[in-house]
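S.K.:
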Amino acid sequence: MSWSKEAPPTNPANDLASAGMTAQTSSTAGSSTADTASMTTDDISAPNNQSRSWSGWAELENDPVIFTTLLREWGVPNIQVNEVVPLDSVFDTPPYVLGLLGRGFHSHLRRENVFGLIFLSRWMPAETENTLIETPGDVWFANQTSSFSCASVALMNIINNHANLDLGQALNHFRAKTMNMTPKERGIALDRFDHVRDVHNSFAAPFDKMNVDLRLKQDVAAAEKKKKAAMAKRPRKKLKEEEEEECGDGDNGFHFVAYVPAGGFIWRMDGMERLPRKLGALSPEDNWVALVLPELQAQWETASTTALEFSLLSLTVMTDSSSLEADRIKMERVREDWGPFIAQMVRLHAEKGDLKGTLG
1 MSWSKEAPPT
11 NPANDLASAG
21 MTAQTSSTAG
31 SSTADTASMT
41 TDDISAPNNQ
51 SRSWSGWAEL
61 ENDPVIFTTL
71 LREWGVPNIQ
81 VNEVVPLDSV
91 FDTPPYVLGL
101 LGRGFHSHLR
111 RENVFGLIFL
121 SRWMPAETEN
131 TLIETPGDVW
141 FANQTSSFSC
151 ASVALMNIIN
161 NHANLDLGQA
171 LNHFRAKTMN
181 MTPKERGIAL
191 DRFDHVRDVH
201 NSFAAPFDKM
211 NVDLRLKQDV
221 AAAEKKKKAA
231 MAKRPRKKLK
241 EEEEEECGDG
251 DNGFHFVAYV
261 PAGGFIWRMD
271 GMERLPRKLG
281 ALSPEDNWVA
291 LVLPELQAQW
301 ETASTTALEF
311 SLLSLTVMTD
321 SSSLEADRIK
331 MERVREDWGP
341 FIAQMVRLHA
351 EKGDLKGTLG
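The opening position of the sequence shown corresponds to residue 1 in the UniProt record's numbering, with each subsequent residue numbered one higher.
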């Protein structure tokens, strides 16, 4: 099941100031982590990098073809993103049976085909504490440091954990340069990586970008106003308790969480969390997809009780290129900017005096 666009989750752990989310334009100078990432920004960027573009991240439609196009235009041509449907048939199948099924049943979930999975649902705070102290050196994980970037963050958290996967010149260079960074440093480096961000934003019209900037400015202004008012009227201890209670309130946005095998374990990679979550050990003989199904089923059941919108995507080897031309035409239409046309139509109806009837 799919929905129109992603929205920014409300996560108190993702601090606006330190993460650079203040209208997507604020500087992170003064933070040692930001300084580390900043020193490597030029080195990490793709060769022949163009001039600095819009620094924000636009909302994306939940469309596997868009995500496949992202990968291809980043420089990863042989991976496709698929929506796994129907979900209930997957979770009703015992894991040991799933591992034995042939290509006719959910071939997008066969072990040899799947690089990673992405579960999309409304963001919910974790109910259990992560026992991991630090990310292992052979596991690549980046934090999400900007609103609306979670789709690209989830994709990057999957593809960068497959050392034998050719990501193309730009992303191979990025992976090599960020391998020894912390998750937060990787997140900041990714946020400033024009090559990835520009392709992500190529699906947005100028109006969409203006809307993102406006919404983030309003969110930051409202948060600062609320914080000042609370600090002036509440004791410090009481204020902390209220902030903790507010963590789960509000209309949480849709969010992308990656599941990937890496370093001999299965990982749940949520860029909104400080570290990835280790779900279990993995041997070469194991079907990692079958092993992760109980976790996915739990997430699915939670999503089913709180919202109707959820989806499971798989990243697989591209085995059929027959739809590439149709996908290209579809993406050209998606990228068309209808803003000027709509503005002209509104102007014409306003001149005729029938704008209210047209909009009503």
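Even for Gly, the Cβ is constructed at its ideal location relative to N, Cα and C.
1. Leu323 by DSSP, collapsed to three states: which one?
2. Have a look at Ala58, Trp54 and Ser53 and flag the residue whose alpha-carbon is nearest the alpha-carbon of Asp208.
3. Taking 9 Å as the cut-off, decide whether the C-beta atoms of Ala258 and Ile118 are in contact.
4. In terms of alpha-carbon separation, which member of Phe141, Thr128, Leu70 and His200 lies closest to Asp270?
5. With a cut-off of 8 Å on the beta carbons, I'd call Ser152 and His195 a contact; round off their distance for me.
6. Do you know offhand how far Glu295's Cα is from Phe310's?
7. I'd like the span of the alpha helix (DSSP H) that includes Thr68, first residue to last.
8. Rounded to a whole number of angstroms, what is the C-alpha to C-alpha distance between Thr69 and Met331?
9. Quick one: Cα of Cys150 to Cα of Ala230, how far?
10. Take Val81 as the anchor and find which of Leu60, Phe115 and Ser53 has the nearest alpha-carbon.
11. Using only CA atoms, which one of Thr128, Asn160 and Lys278 lies nearest to Thr135?
12. Nearest-angstrom Cα distance between Val84 and Leu120?
13. Using the beta-carbon count (16 or more within 10 Å), is Pro276 buried or exposed?
14. Are the CB atoms of Val212 and Phe254 nearer to each other than 9 Å?
15. Is residue 362 buried or exposed, if buried means 16 or more other CB atoms sit within 10 Å of its CB?
16. Nearest to Asn143 by alpha carbon, out of Lys217, Arg268 and Ala176?
17. Taking the beta carbon of Met179 as the centre, do at least 16 other beta carbons fall within 10 Å, making it buried, or is it exposed?
18. To which residues of the same chain is Pro261 closer than 7 Å at the C-beta, ignoring the five residues directly before and after it?
19. Any idea if Asn62 is buried or exposed, counting beta-carbon neighbours within 10 angstroms, 16 or more meaning buried?
20. DSSP three-state call for Pro294: helix, strand or coil?
21. So, under 8 Å CB-CB, Arg122 and Ala303 are touching, yes? Tell me the CB distance rounded to an integer number of Å.
22. Looking at chain C, is there any beta carbon in it that lies within less than 9 Å of the beta carbon of Thr135?
23. Tell me which residue opens and which closes the beta strand (DSSP E) that Phe148 is part of.
24. According to DSSP, simplified to helix, strand and coil, what is Phe141?
25. For Lys352, which residues in the same chain have their Cβ closer than 7 Å to its Cβ, ignoring the five residues on either side in sequence?
26. What do you get for Asn157, buried or exposed, if any count of 16 or more other CB atoms within 10 angstroms of its CB means buried?
27. For Ile159, does the count of other Cβ atoms within 10 angstroms reach 16, so buried, or fall short, so exposed?
28. Going by C-alpha to C-alpha distance, which of Val65, Glu185 and Ile79 sits closest to Thr319?
29. Rounded to whole angstroms, what is the Cα-Cα separation between Gly264 and Leu132?
30. Alpha carbon to alpha carbon, what distance is there between Leu324 and Asp166?
31. For Phe193, which three-state DSSP category applies?
32. Run the CB neighbour count on Gly56, radius 10 Å, all protein chains shown included, and call it buried at 16 or more, exposed below.
33. Report the three-state DSSP secondary structure of Phe207 (helix, strand or coil).
M.R.: The relevant details are as follows:
1. Residue identity check: residue 323 is Ser in the sequence provided, not Leu. Coil, per DSSP.
2. Ala58
3. yes
4. Out of Phe141, Thr128, Leu70 and His200, Phe141 has the C-alpha closest to the C-alpha of Asp270.
5. With a Cβ gap of about 11 Å, Ser152 and His195 do not count as contacting.
6. 15 Å
7. Pro64 to Trp74
8. Straight-line spacing of the CA atoms in Thr69 and Met331 works out to 8 Å.
9. CA-CA distance, Cys150 to Ala230, rounds to 30 Å.
10. Phe115
11. Lys278
12. 12 Å
13. buried
14. no
15. Nothing about residue 362 can be reported from this structure: the residues present for the chain run from 1 to 360 only.
16. Nearest of Lys217, Arg268 and Ala176 to Asn143, Cα basis: Arg268.
17. Met179 should be labelled exposed.
18. Leu282 and Trp288
19. buried
20. helix
21. 7 Å
22. Here there is only one protein chain, and chain C is not present.
23. Here Phe148 belongs to no beta strand (DSSP E), and DSSP marks it neither H nor E.
24. coil
25. So no residue of the chain qualifies.
26. buried
27. buried
28. Ile79
29. Near 15 Å, if we compare the C-alpha coordinates of Leu132 and Gly264.
30. 20 Å
31. coil
32. Counting of Cβ neighbours within 10 angstroms places Gly56 among the buried residues, the total reaching 16 or more.
33. helix
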